[in-house]
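**Student:** Attaching a single structure in structure tokens format; questions to follow.
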Amino acid sequence: MALAREESSPLFAGTVAGTLRLILYLALAMVLMVLDHRNGWIWRLRYATSVLVEPVYRLASLPASGMHTLSVAFSDRKLLTEQNQRLREDLLLANAKLNRMAAVAEQNERLKQLLDTQHSLDLNVQLARVIDVDLGSYRHRMLVNVGSHDGVKPGQVVIDAHGVMGQVVEVMPRTSLVMLVTDPDHAIPVVVERTGLRTVAYGTRDGDLLSLPNISMAADVHPGDKLLSSGLGGRFPPGFPVGEIRSVEPAASGMFLEGRARPSADLDRSDNVLLLHDLAEPAGPPAPAAPVGPPADLAPAPSASAAAPPRANATPAQTPPATTNPVQP
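Using UniProt numbering, the letters of the sequence shown map in sequence onto residues 1 to 329.
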């Protein structure tokens, strides 16, 4: 039985016809290469063909490029959002650090001023930190972090780098309550630095002003005059700044002038204060003298009879009768 002939034979079959076809194709390829190398018309053909085929390529790659573009867009958006969040957090942190550094620098400057005040005046002081301030309508108090365990006593004067702040009115084991000079119940003897006029500065309910209600009508007091502690009363040492006159007007009674002064101390801004241990000399009559007499070791010892007084119901002692010798005849 004869085998069915294949409808198609391989290109390079192992026959003479296949070999001739191979030689023909190789010759054609060489001719095309030579023509292309010399004239370049095949390159122009490829260029023209690419112009027609390029839209097909773009259309075929459109879904893939679209997906890539969307993924890049979403990833870039997410990345940019995260970077923006990190940058905002870094900016907030940097601003917080900057503000903290500014606050620390300001606090160091105030501490330096306090130390300069201590060294320049050669004061025996104690540094304290303010932990609470009460500037209400009826009381102006301040709480500091030192107490009786730190040697604080009632009546100690409290100052800052600019002037007198008040005095200690209550001492606890670890904290102390300070009455500020602006407290309505507080008064401090002052002297006008320019003229030497003495008066008393009282606290007011305004919170940030001192009142001087007893200034004589003929007194030479003007806005801008400095007030210093006079030392009268034995509480505040003399020479410390207390305030500055802001206004002087006739009082409601018409008999005195009433002045208003702003305290020199930073009552609402000071974080650290100084407590004076050197109080002013006490004012008042001298203490009574101690009784004068001989020393106790030189005084005569009292006798027994003098020491024991006779009892009321005691009977006189009976004396024995005297005996006499008989006379011999």
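No residue lacks a Cβ here, since even glycine has one placed at the ideal position from N, Cα and C.
#1: GLN167 to VAL158, Cα distance in whole Å?
#2: With distance defined between alpha-carbon atoms, name the residue in ASP271, GLN126, ASP185 and ASN108 nearest to ARG139.
#3: Opposite VAL192 in the DSSP bridges: which residues?
#4: Tell me the DSSP secondary structure of TYR47 in three-state form.
#5: Report all residues from its chain with a CB closer than 6 Å to the CB of ARG260; omit the five preceding and five following residues, and keep chain order.
#6: Give the DSSP-derived three-state secondary structure of HIS68 in the structure shown.
#7: Is there a Cβ from chain B that is less than 7 Å from the Cβ of PRO63?
#8: Tell me the DSSP secondary structure of THR199 in three-state form.
#9: I'd like to check one pair, ASP271 with VAL130: are the Cβ atoms closer than 7 Å?
#10: In angstroms with no decimal places, state the Cα-to-Cα distance between MET179 and SER137.
#11: Distance check for SER50 and TYR25, CA to CA, integer angstroms please.
#12: Determine the closest residue to GLU258 out of TYR202, GLY163, VAL31 and GLY66, with distance taken between C-alpha atoms.
#13: Which partner residues does GLN85 have in the DSSP bridge list?
**Tutor:** Walking through what the data contain:
#1: 5 Å
#2: ASP185
#3: LEU227
#4: helix
#5: LEU209, ARG246 and SER247
#6: helix
#7: Considering every chain present, this structure includes no chain B. It has just one protein chain.
#8: strand
#9: yes
#10: 14 Å
#11: 25 Å
#12: TYR202
#13: Looking at the DSSP assignment, GLN85 forms no beta bridge with any residue, so it has no partner.
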